[in-house]
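Be aware that the sequence shown starts at 3, since it is given in the working numbering, and climbs by one per residue.
Each residue gets a CB set at the ideal place from its N, CA and C atoms; glycine is no exception.
All values reported here derive from a predicted model rather than from experimental measurement.
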Amino acid sequence: MKQQTYRIQKVTSDQAMQDALAVRRAVFIEEQEVPADLEIDEHDRQGSGTLHFVAYNEQEPVGASRLRPYAPGVAKIERVAVLKQERGTGLGRQIMLAMEEAAKELGYDSLKLNAQTHAQRFYEKLGYEPHGDVFHEAGIAHIAMVKALR
């Protein structure tokens, strides 16, 4: 199967932000039934220091994520979302690599994320290690994971 080519970019316009939020809405709110007030939060406001990413297949937004300051030297990856029809294409991996590159450019030493447990293997393949116990967020089982960048 041919690897799909996507364009992954940092969100720098209102339209790109709306595109990223549309993907997140489809995946988290509609598909996984996460309450909208939990999905869209203070880290989505302009000026919060959060870096948002959106992935396009041609002109269609098909993936999204965000990277935000968490602790000194540590950034947190959140809201990694890929539309159902694009899963299994390598897009999730491409989004993760784009965020890791951005985190390195910003001088972060390590990354943290809370993975839905069904996605734990995906993150482990990218070098993330589970940390602590499984916990529930929005009714979904998660595990904290970390990765050193340097």
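Asp46 versus Glu32, Pro71 and Val64, residue with shortest Cα-Cα distance: By 1-based counting over the sequence shown, the position of residue 46 is 44. For Asp46, the nearest C-alpha among the options comes from Pro71.
Asp135 (DSSP reduced to helix, strand or coil): On the sequence shown, residue 135 is found 133 positions in, with the first residue counted as 1. Three-state DSSP puts Asp135 in a strand.
Spatially closest choice to Val36 from His138, Lys149, Ala146 and Ile145, by CA coordinates: As a first step, residue 36 must be located in the sequence shown, where it is residue number 34. Out of His138, Lys149, Ala146 and Ile145, His138 has the C-alpha closest to the C-alpha of Val36.
Residue nearest to Glu131 in terms of C-alpha spacing, selected from Ala140, Val82 and Ala117: Position 129 of the sequence shown, counted from the first residue, corresponds to residue 131. Out of Ala140, Val82 and Ala117, Ala117 has the C-alpha closest to the C-alpha of Glu131.
8 Å Cβ cutoff met for Lys86 and Leu53: By one-based count along the sequence shown, residue 86 stands at place 84. By one-based count along the sequence shown, residue 53 stands at place 51. Not in contact: Lys86 and Leu53 (Cβ atoms no closer than 8 Å).
Helix, strand or coil at Tyr125 according to DSSP, with G and I counted as helix: Here residue 125 corresponds to residue number 123 of the sequence shown, with the count starting at 1. Tyr125 falls in the helix class under three-state DSSP.
Closest Cα partner of Phe55 within the set Thr119, Pro74, Gly65 and Ala140: Mapped onto the sequence shown, residue 55 falls at position 53. Nearest of Thr119, Pro74, Gly65 and Ala140 to Phe55, Cα basis: Gly65.
Best match in Thr119, Asp39, Asp111 and Gln20 for proximity to Ala57 [C-alpha to C-alpha]: In the sequence shown, residue 57 corresponds to position 55, counting from 1. Of the candidates Thr119, Asp39, Asp111 and Gln20, the one whose C-alpha sits nearest the C-alpha of Ala57 is Gln20.
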